[in-house]
Amino acid sequence: MKKVHFLHSFLRGFSPLSFLKIFTTQEKRQMFILLFLMILMGLFQAIGVASILPFMNLVLNPEMVETNQWLKWFYQWGNFQNLQSFVITVGFITLGIIILANAISALTVWMRLRFTWRNNHLLSQKLLYSYLSRPYSFFLNRNSADLGKNVLSEVQQLTNGFLIPFFTMISDLFVVLFVLLLLFFVNPSTTLVTLLLLGVPYFIVYWLNRRRLGITGVQRIRTNRERYTSVNEAFGGIKDLKLMGRESYYFKKFSSASHLFSNLMISHSLIGSLPRFALETIAFGGIIVLVLYLLRTGGSASEIIPMVSLYAFAGYRLMPALQQFFLSLTQVRFNYPTVLKVTEELSGAEQVVPEGIQNFVDKPPLPFQKEIRLERVNFYYPEVKEPVLRDISLTIPWRTSVAFVGPTGSGKTTTVDLILGLLDPTSGEILIDGIPLTNGNKANWQENLGYVPQQIFLSDDTVTNNIAFGIPEQIIDHQAVELAARTAGIHDFIINELPKDYQTIVGERGIRLSGGQRQRIGIARALYHDPEVLVLDEATSSLDVITEEMVYQAIENLSKMKTLIIIAHRLSTVRNCDTIYLIDRGSIIAQGKFDVLANENPQFQEIVRKYDRHN
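Here it is as structure tokens:
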């Protein structure tokens, strides 16, 4: 549905100014300053061209001082003693005007590049923050490689392929307009012919390819996503690929997308470059025709040379400007779908990055000294008809231990995700000490939580930074890091076996560690903050029996001071819990202590029998 909506949005029409909505008021103000500089640049380029004509006339015919009223006035005003000094002065003035025009052009280019690349940084920030501010459910339906591509690649494509060409196009447009106005003032008929000869080829090429440019722009986004996804999946599953010998599958998948991507880029670049060759032929041929025309009409050398010089210098300014204008126009059209894409991704979420996100700021935890209560909670995943949870009501008293047990897909993890505040109930309430859990206090509630998932994510960083995850190095509590590692049973391994102990780099996703070692670092991470509530989602599934016993002994010692919530398939980890909730098909079908359920509930008895058989 999203792809269809995006394509429909593009085909509604080409509106290049639609990108303005992604900028703040201050950024738009900077844009208008830049626009003023572009107008000034175009004006001075035209003045620079215009200054050539009187200078060349004066060089070829010094007597013009007597016949041209402006030159005569300037000669008398400057009190010149001879014609030679006057010609030299006019030459230096002409040179000064050209230097000033080029200086303004250089300033405009600098301002343009500064604005666009600064906004590349700001847009990347906005887009990343807009993703980070989305609810957890948003990420359940999105591909992480696609999100990364949007932040890094599509924003840069918007800058390189749309913003820079757009401002270049506006800048060149003013240069072309002012120079053409000057030429029209000198010789209207020749200027009109020049405009037709130079403008028509570009207009025809653009008109014939305008729709194709847009469609290939949409295809570029799709193939770029496929490139990123195939590379991300190949490296993410490298162990399985190596074991199964499936390298060729992802290599071919990437190669196919990359080949199409390169063809699209060639096609768009070729459309923008082709008219240049026709333009050069027409321009140089036009100068020859102009000379022949002036000779045929009886013009003298003193009349022809200044006129030809004017048109030659004007052509020197016009040709690059016209070519760059057309090239920029094709880039703007080609990359317009990227504008729609980024605009769509930014919509519906926070776009202004708050100052506080730049620094680590502790939030006061939500008071919790009584109980966690779920009241008649139902939950549906988006676009799924059947509820995942049905009428769940339960109470978890403060500093007790509870476990959720049940078959795969029964709703255990979803229940815990609701308690963690990662998901919002479709109906019903979650209350903390009687206070409803809302978007307003969710972050404060999460300050109470330590969470150990089944799959531990480790960054390509030191052990210390992975335990104190997301905290700037300068404010890490190293004593808390070591205490958490000791509790998780990983301290001795870190000190005795890692080459740089806590400063050892663990590799991407902890690839240099075993599964059990990664899991214990994950447990240490959850314990680092000394959380009030500790949530363990199959947290010891990768540990050997001895290490698991040691870790759970440490956790049980903490249980008198913490609230424990456990999701487990290993029944050994839940035997001593105060309450076990048996969940099946999204409903709580039984609850009680382990021994009570093992004696009275047939379904729990079956789970115990299966566990005993496997162990």
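Remember, my numbering sits 21 above the position in the sequence shown when you count from 1.
Beta carbons are placed, not taken as given, at the ideal position from N, Cα and C, and that holds for glycine.
This structure is a prediction, so every number in the text was calculated from the model and none was measured.
Contacting residues, own chain, Cβ-Cβ under 8 Å from Gln624 (five flanking each side not counted): Leu603, Asp605, Ile610, Ala611
Glu407 - DSSP class collapsed to helix/strand/coil: coil
Proximal residues to Ala619 (C-beta, below 7 Å), its chain only, five neighbours per side dropped: Phe625, Gln626, Val629
Alpha-carbon to alpha-carbon, Lys49 and Ser288: 33 Å
Reference Thr600; option with closest CA among Ile60, Thr189, Arg420, Thr508: Arg420
For Tyr401, the three-state DSSP class (helix, strand or coil): Reduced to three states, the DSSP call for Tyr401 is coil.
Exposure of Thr435, with buried meaning 16 or more beta-carbon neighbours within 10 Å: buried
Nearest-angstrom Cβ-Cβ length linking Pro418 and Glu392, presumed shorter than 8 Å: 5 Å
Enclosing alpha helix (DSSP H) for Glu503 [first to last residue]: 499 to 508
Proximity of Pro358 and Gly238 at Cβ, strictly below 8 Å: Contact: yes.
N- and C-terminal bounds of the beta strand (DSSP E) containing Ser448: 448 to 453
Boundaries of the beta strand (DSSP E) in which Gln612 is found, first to last residue: 608 to 613
Sequence ranges, alpha helix (DSSP H) only - wholly within the stretch 511 to 595, length at least 4: 512 to 518, 536 to 549, 566 to 579
Backbone secondary structure at Arg232 - three-state DSSP: helix
Per DSSP, cross-strand counterpart(s) of Glu396: Its beta-bridge partners are Glu450.
Counted within 10 angstroms of its Cβ, other Cβ atoms place Tyr223 as buried (16 or more) or exposed: buried
Completely contained alpha helix (DSSP H) runs for the stretch 419 to 469, where each covers 4 or more residues: 433 to 441, 463 to 467
Close-in-space but distant-in-sequence residues of the same chain around Ile670 (CB under 8 Å, 5 per side omitted): In the structure as shown, the chain begins at 22 and stops at 636. Residue 670 is therefore absent and cannot be evaluated.
Proximal residues to Lys362 (C-beta, below 8 Å), its chain only, five neighbours per side dropped: Excluding five sequence positions before and after Lys362, the CB atoms of its chain that fall closer than 8 Å to its own CB belong to Phe27, Asn171, Glu175, Ile242, given in chain order.
Whole alpha helix (DSSP H) elements within the stretch 154 to 238, 4-residue minimum: If we require 4 residues or more, the alpha helix (DSSP H) runs fully inside the stretch 154 to 238 come out as 157 to 161, 165 to 170, 176 to 179, 185 to 207.
Residue of Thr429, Val426, Glu396, Gly491 minimising C-alpha distance to Ile456: Here the closest residue by C-alpha is Glu396.
Simplified DSSP state of Gly377, which is helix, strand or coil: With a pLDDT of 48 at Gly377, under the threshold of 50, the predicted position of this residue should be treated as unreliable, though the coordinate-derived value follows. In this structure, Gly377 counts as helix in the three-state DSSP scheme.
Identified DSSP bridge partners for Thr110: Per DSSP, none; premise fails for Thr110.
Supposed close pair Val398, Gly432 - CB separation, criterion 8 Å: Wrong, their Cβ atoms sit about 10 Å apart, outside the cutoff.
Near the ligand NAP: Glu621 beta-carbon under 7 Å from a heavy atom: Among the ligands in the structure shown, none appear at all, so the ligand NAP cannot be discussed.
Close-in-space but distant-in-sequence residues of the same chain around Gly169 (CB under 6 Å, 5 per side omitted): none
Per-residue burial, Ile54 [other beta carbons within 10 Å of its own, 16 or more giving buried]: exposed
Buried versus exposed, by CB contacts within 10 Å (16 or more), Gly377: Because Gly377 carries a pLDDT of 48, less than 50, the predicted location of this residue cannot be relied on, and the following value inherits that uncertainty. Under this definition Gly377 is an exposed residue.
For Tyr549, the nearest candidate out of Val595, Pro83, Ile109, Gly491 (CA to CA): Gly491
Local Cβ density within 10 Å of Val221, reported as buried at 16 or more and exposed below that: exposed
C-beta contact flag for Leu444 and Phe400 at 8 Å: yes
Residue environment, Ile109, which counts as buried when at least 16 other CB atoms sit within 10 Å: Here Ile109 is exposed, its C-beta having fewer than 16 other C-beta atoms within 10 Å.
Three CB pairs or more closer than 8 Å across the stretch 90 to 106 and the stretch 134 to 154: With the cut-off at 8 Å, the stretch 90 to 106 and the stretch 134 to 154 do not touch.
Run of the alpha helix (DSSP H) containing Ile488, from where it starts to where it stops: 484 to 488
Residue-chain proximity (Phe76, chain D), Cβ-Cβ < 8 Å: The chain labelled as chain D is not found in the depicted structure, where only one protein chain is given.
Contact set for Leu350: own chain, Cβ-Cβ below 7 Å, skip 5 residues either direction: Met190, Tyr227
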